[in-house]
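Novice: In my numbering, the protein residues as written are 514 to 652.
Glycine included, each C-beta is placed from N, C-alpha and C at the ideal position.
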Amino acid sequence: MSAVANIYNPNNVDLTEIKQRLAVLRRQREKVFGKNIISSWLPLSDIWENEEIYLISIELPGIEFSDICTDVRNGILIVSGNKSEYPELGKLSTVRRESSHGQFQRTFKLPIGIEEDIYNRWFQDGVLTICFEKQASVP
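(1) In three-state terms, what does DSSP make of S706?
(2) Using the three-state DSSP reduction, which class does K604 fall into: helix, strand or coil?
(3) Restricting to Cα atoms, I'd like to know which of T583, E564, N563 is closest to E571.
(4) Starting from N587, follow the beta strand (DSSP E) in both directions and report where the run begins and ends.
(5) How far does the beta strand (DSSP E) with E628 in it reach, from first residue to last?
(6) Restricting to Cα atoms, I'd like to know which of I643, A536, R539 is closest to R634.
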């Protein structure tokens with residue numbers, strides 16, 4: 514068997530070595546960018562509007578409402594927070610991980626005519642909803 518075939522043979526995969534290499538890469542990244550960089554995962558969102566309101570919903574399963582921050586500055590809504598990793602499960606090893614964890618930040622440019630200081634937010638079933646009022650139309 515050629516050397517190339519051995520490299521890609523799934524039976525030759527050493528997960529411990531892969532985890533160690535990823536840990537080294539993570540430490541190198543933290544040295545350059547710091548530990549507080551925002552992770553690459555972005556929660557999914559939907560936006561609706563009518564004549565009176567502008568509504569944004571963001572899917573944040575597995576996150577506590579108290580761990581979510583919202584801020585509006587210069588027409589930009591910033592939603593940030595942290596999703597904790599699952600606790601260690603004894604001697605179980607992860608077989609597959611599809612869920613995201615770590616810090617996140619989403620920004621949304623608000624349209625002209627939004628009352629930035631007048632908004633409500635609520636959190637239900639892992640979905641954060643933020644509702645802005647629109648400015649009254651001038652006749």
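Specialist: Once the coordinates are examined:
(1) What is shown of the chain runs 514 to 652, which leaves residue 706 out entirely.
(2) As a position in the sequence shown, residue 604 is number 91, starting the count at 1. When secondary structure is reduced to three states using DSSP, K604 falls in the coil class, being assigned neither helix nor strand.
(3) Along the sequence shown, one-based indexing puts residue 571 at 58. Before going on, a small fix: residue 571 reads as Ile here, not Glu. Comparing Cα-Cα distances from I571 to each of T583, E564, N563, the minimum goes to T583.
(4) The count along the sequence shown starts at 1 and reaches residue 587 at position 74. Bounds of any beta strand (DSSP E) do not take in N587, whose DSSP letter is neither H nor E.
(5) Stepping through the sequence shown from its first residue, residue 628 is reached at position 115. Residues 627-637.
(6) Along the sequence shown, one-based indexing puts residue 634 at 121. Nearest neighbour of R634 by Cα position, chosen from I643, A536, R539, turns out to be I643.
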